[in-house]
Each structure stands twice: as structure tokens, then as C-alpha cells.
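Numbering (the numbering used here), first residue to last: 27 to 245.
A virtual CB, placed ideally from N, CA and C, is assigned to each residue, including glycine.
See below for the structure under consideration.
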């Protein structure tokens with residue numbers, strides 16, 4: 027049991043290290059593209075949907091094949107996904123004030139820390155609510171698609187708030203899933219990348235929802 031606890035601590039240190047690397051790549055690339063007009067034009071002028079599709083392919087492939095991948099391949103794909111996300115992420119640096127982005131990032135980091143600790147230390151089995159979280163997320167996606175045609179600001183606000191709550195709960199849920207996978211994914215580096223990806227996605231989604239709610243647009 028003691029050895030497993032040591033392994034757990036080692037895994038989580040790697041999980042957060044890779045999550046930080048992923049966020050650094052995404053925000054770094056996003057800012058770099060935003061201050062280079064030619065790159066910004068290429069991203070949103072001709073290659074946007076190609077990049078979106080590439081993001082989906084990489085994240086689905088990484089999630090589905092993580093147990094069978096070599097650790098180096100998993101790390102490369104995670105960095106590639108963070109890079110692709112950074113390209114499409116560049117729009118936030120154009121739309122919102124940099125001070126506002128930093129402020130919302132801080133709030134997101136605080137929320138993430140609180141619920142990551144809850145997920146790690148709570149004795150409540152949160153893995154049982156996974157199906158309900160997925161159903162809620164699926165409902166949000168469907169409602170978002172409907173609202174594209176409806177165009178209701180009130181409906182959009184409601185969707186944003188629900189989505190925010192879902193991903194905040196997902197943080198604690200994913201922390202427990204990572205602990206459970208200590209026994210299911212034998213390769214430590216692969217488990218670290220798997221955990222980093224899940225928590226990275228939680229962080230990014232919470233950040234974007236908070237930015238929608240509290241971000242200040244550029245004049």
C-alpha cells in the first residue's frame with residue numbers, strides 16, 4: 027500500500043507537470059499568433075476548420091489509444107494537441123484585454139486547485155456520477171447547437187453557467203479517475219499524459235466559460 031501511495035504521488039507530480047506544459051504551449055502559441063497579423067489571418071482565414079478537425083482527431087486518437095502507445099508518442103501527441111489548441115486559442119487575445127485574461131486565468135487556477143484537492147482527498151466515490159456528467163455535457167452541446175439558430179443571449183448565458191458547473195465537477199471526478207487508473211494503466215508516463223489531458227481539458231473549458239462571463243472585451 028505504501029509503495030502504491032508513493033507511485034500515486036509520483037504520477038500526480040507528472041500529471042501536473044505535463045498539464046502545465048500543455049497550458050504553457052497553448053497560451054504561448056495563442057499569444058504569439060495574436061501579435062502576428064499574417065499568422066492570425068492564416069489561422070482564421072483559410073485553415074481554421076482544418077485545425078479544428080485536426081484537434082478532434084488528435085485528442086480522440088490520444089484518448090482511445092493511450093494504453094497501447096509508447097510514452098514518447100503519447101507525449102508528442104499531447105504537445106501537438108496543445109499546440110493546435112493554441113492556434114485556435116489566439117482569438118481570445120484579440121477579443122479580450124490581456125489584463126482580463128490574466129485575471130480570469132487566476133480565478134480558474136484557484137477553482138481548479140480547490141476542486142482538485144477535493145477530488146484527491148474526498149472519501150466520496152465520485153466515479154459513480156460520471157454518466158450524469160457526460161449526459162449533462164451532451165445536453166450542453168445539443169443546446170449550444172440549437173442556440174446557434176435561435177441566437178438567444180439569455181439561453182447562451184444559461185448554457186455557459188451549466189457548462190461551467192459541469193467542468194468544475196469534472197475536475198474532482200477526473201482526479202479520482204486518475205487514482206483509479208493507477209491499477210489499470212501500468213505505464214506511469216502514459217497515465218500521467220492521460221491525466222494531464224483530462225485536467226487540461228477541464229481547465230481550458232472552465233477558463234473559456236469564465237472569460238465569457240467576466241472577460242472585458244477590447245475597445
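heavy atom of the ligand ATP below 7 Å from residue 156 C-beta: In the structure shown, the ligand ATP is absent, as is every other ligand, since no ligand is present at all.
Contact the region 109-124 vs the region 51-66: 3+ CB pairs below 8 Å: Enough Cβ pairs lie closer than 8 Å, so yes.
Close beta carbons around residue 77, own chain, < 8 Å, minus the five adjacent residues each side: Here residue 77 corresponds to residue number 51 of the chain shown, with the count starting at 1. If we look at residue 77 and ignore the five residues flanking it on each side, its Cβ neighbours are 69, 110, 113, 114.
Span separating the alpha-carbon of residue 46 from that of residue 227: Working through the chain shown from its first residue, we reach residue 46 at position 20. Working through the chain shown from its first residue, we reach residue 227 at position 201. Residue 46 and residue 227: Cα-Cα distance of roughly 12 Å.
Residues of its chain near residue 235, where Cβ-Cβ distance is below 6 Å and the 5 sequence neighbours each way are ignored: On the chain shown, position 209 is the one that residue 235 refers to. By the criterion of a C-beta distance shorter than 6 Å, residue 235 is surrounded in its chain by 186, 189, 190, once the five residues flanking it on both sides are discounted.
Member of 90, 75, 231, 155 whose CA lies at the smallest distance from the CA of residue 219: Looking up residue 219 in the chain shown gives position 193. Of the listed residues, the one whose Cα sits closest to residue 219 is 90.
Beta bridge counterpart(s) of residue 122 as assigned by DSSP: As a first step, residue 122 is located in the chain shown; it is residue number 96 there, counting from the start. According to DSSP, residue 122 bridges with 243.
Coarse secondary structure for residue 230, derived from DSSP in three states: Position 204 of the chain shown, counting from 1, holds the residue named residue 230. If DSSP states are grouped into helix, strand and coil, residue 230 belongs with the helices.
Residue 182 in three-state terms, based on DSSP: In the chain shown, residue 182 corresponds to position 156, counting from 1. Three-state DSSP puts residue 182 in a helix.
Alpha-carbon to alpha-carbon, residue 151 and residue 223: Numbered from 1 along the chain shown, position 197 holds the residue referred to as residue 223. Numbered from 1 along the chain shown, position 125 holds the residue referred to as residue 151. Straight-line Cα distance between these residues: approximately 22 Å.
Span of the alpha helix (DSSP H) around residue 116: Residue mapping note: residue 116 aligns to position 90 of the chain shown, counting from 1. Note, residue 116: premise wrong, no alpha helix (DSSP H); not H, not E.
Distance, residue 55 Cα to residue 159 Cα: Here residue 159 refers to the residue found at position 133 when the chain shown is read from its first residue. Here residue 55 refers to the residue found at position 29 when the chain shown is read from its first residue. Each residue's Cα considered, the two are about 31 Å apart.
Length of the line joining the Cα atoms of residue 116 and residue 232: Translated into the one-based positions of the chain shown, residue 116 becomes position 90. Translated into the one-based positions of the chain shown, residue 232 becomes position 206. Rounded to whole angstroms, residue 116 to residue 232 spans 17 Å at the Cα level.
Cutoff 8 Å; reference residue 87; Cβ partners in own chain excluding five residues on either side: Taking the chain shown and counting its residues from 1, one reaches residue 87 at position 61. 103.
Where residue 145 sits in the DSSP three-state scheme: Here residue 145 corresponds to residue number 119 of the chain shown, with the count starting at 1. Correct three-state label for residue 145: helix.
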